[in-house]
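Report on the structure given below.
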Amino acid sequence: MTNASAPPRGAARPGAWLNGVALYPGWLDPAAQQATRDCLARVIEAAPPFSPETRFGKPMSVRMTSAGRFGWYSDRRGYRYVDRHPSGSAWPPIPQPVLAIWHAVTGLDREPDCCLVNLYRDRARMGLHQDRDEADFDWPVLSVSLGDSALFRVGGTARGDPTRSTWLHSGDVALMAGPARLAFHGIDRIRPGSSTLLPQGGRLNLTLRVVT
Ligand code: MD6
Ligand code: FE
C-alpha cells in the first residue's frame, strides 16, 4: 500500500494505492476480460479509432475513440468533449458490461456519459496530464486495462510533484477520486507481447467519466 487513503464512500475496497489512486489489481478475471474485449471490438467497428492532434498540432501516439453521449476530442483548438465521431456519426453506446464495472467499483447510481477508449501499440505512450475537461471533479474517473501491461505513473496535483509508478496488467482497474481526481498521471510505455488477450496485441484502456 502506498499513501493509503479512504476509498470514496460506497466504492469497492481497493487492493492497493498509488499516490492516492485506488488500484484494483485483477478486478476482471480472464473470462470478464474476454467479454469486455468482445464488446469493445463492436465499439471500435462502429467508431474507428483515430490519432487526435495535441493542441500543438502533433499527432498523439495513442489512438482513441469513445462510446457514450460524449467522446473526448483534441486538435489545435484544444481538448474537449464532442457529441460526434469525426465521421459525423453519434458515438456508440457504452456497453452494458462496462457500465456494470463502473457501478460495482464506484458504488454510484449515476452513469458515466463517456467511455474513452485508448489504444496503445508498440511505442505509444501518454505524457503526464490531468483529466480536467469535465464539468464537475467530484465525479471520479475509472480506468480499465486490457491487453499488454503498461507502466502507469502518478504524481500529485502540481506538475512538478514527485511521482510513483506501477505496472497495470490486463484486468486491472484504477479509480481516481477525491484528492487524487486531479493528480497528474501518464503511461510511460507498454510491454509489447505481455498479453495474448487482444488478437493484434497492444493495450486497450477504457476511462469512464461523467462529463456534464
Ligand atoms: C491509460 N489513463 O491508462 C491512461 N485518466 O492508458 C488515464 O489517462 C487515466 O488511468 C484518468 C483516470 C485514470 C486513468
Ligand atoms: Fe487521464
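In this text, residue positions in the sequence shown follow the numbering used here: the first is 4, and each later residue adds one.
All C-beta atoms, glycine included, are put in the ideal place defined by N, C-alpha and C.
Review point. If we ignore side chains and look at the alpha-carbon of each, how far apart do Arg-192 and Ser-54 end up?
Key: Rounded to the nearest whole angstrom, the C-alpha separation of Arg-192 and Ser-54 is 17 Å.
**Study point:** Segments assigned alpha helix (DSSP H), at least 4 residues, entirely inside the region 4-67
**Key:** Taking only runs of at least 4 residues, the alpha helix (DSSP H) segments lying wholly in the region 4-67 are 33-49.
Check your understanding: Is any heavy atom of the ligand MD6 found at a distance shorter than 8 Å from the C-beta of Ala-153?
Key -> yes
Review point. How is Val-214 classed by DSSP in three states: helix, strand or coil?
Key: coil
Point to revise | Residue interval of the beta strand (DSSP E) (run including Ile-190) | key: 188-193
Point to revise | Own chain residues within Cβ distance below 8 Å of Ala-161, not counting five before or after | key: For Ala-161, where only same-chain residues beyond five positions count, the Cβ hits under 8 Å are Phe-187.
Practice item. Determine contact between the region 70-79 and the region 96-104, defined as no fewer than three beta-carbon pairs at a distance below 8 Å. Key: yes
Point to revise | First through last residue of the beta strand (DSSP E) which encompasses Thr-169 | key: 167-171
Check your understanding: For the alpha helix (DSSP H) that Leu-102 lies in, which residues bound it at each end?
Key -> 99-109
Review point. Can you check whether the CB of Leu-207 is closer than 9 Å to the CB of Val-120?
Key: It is a contact, given that the beta carbons lie within the stated cut-off.
Review point. Since Phe-155 is in the beta strand (DSSP E), which residue starts that stretch and which ends it?
Key: 153-157
Practice item. Please confirm whether any heavy atom of the ligand MD6 lies closer than 8 Å to the CB of Met-129. Key: yes
**Study point:** Candidates Ala-180, Gly-205, Asp-116: closest to Ser-152 by CA position
**Key:** Gly-205
Check your understanding: Is His-132 near the ligand FE, with its Cβ less than 8 Å from a heavy atom?
Key -> yes
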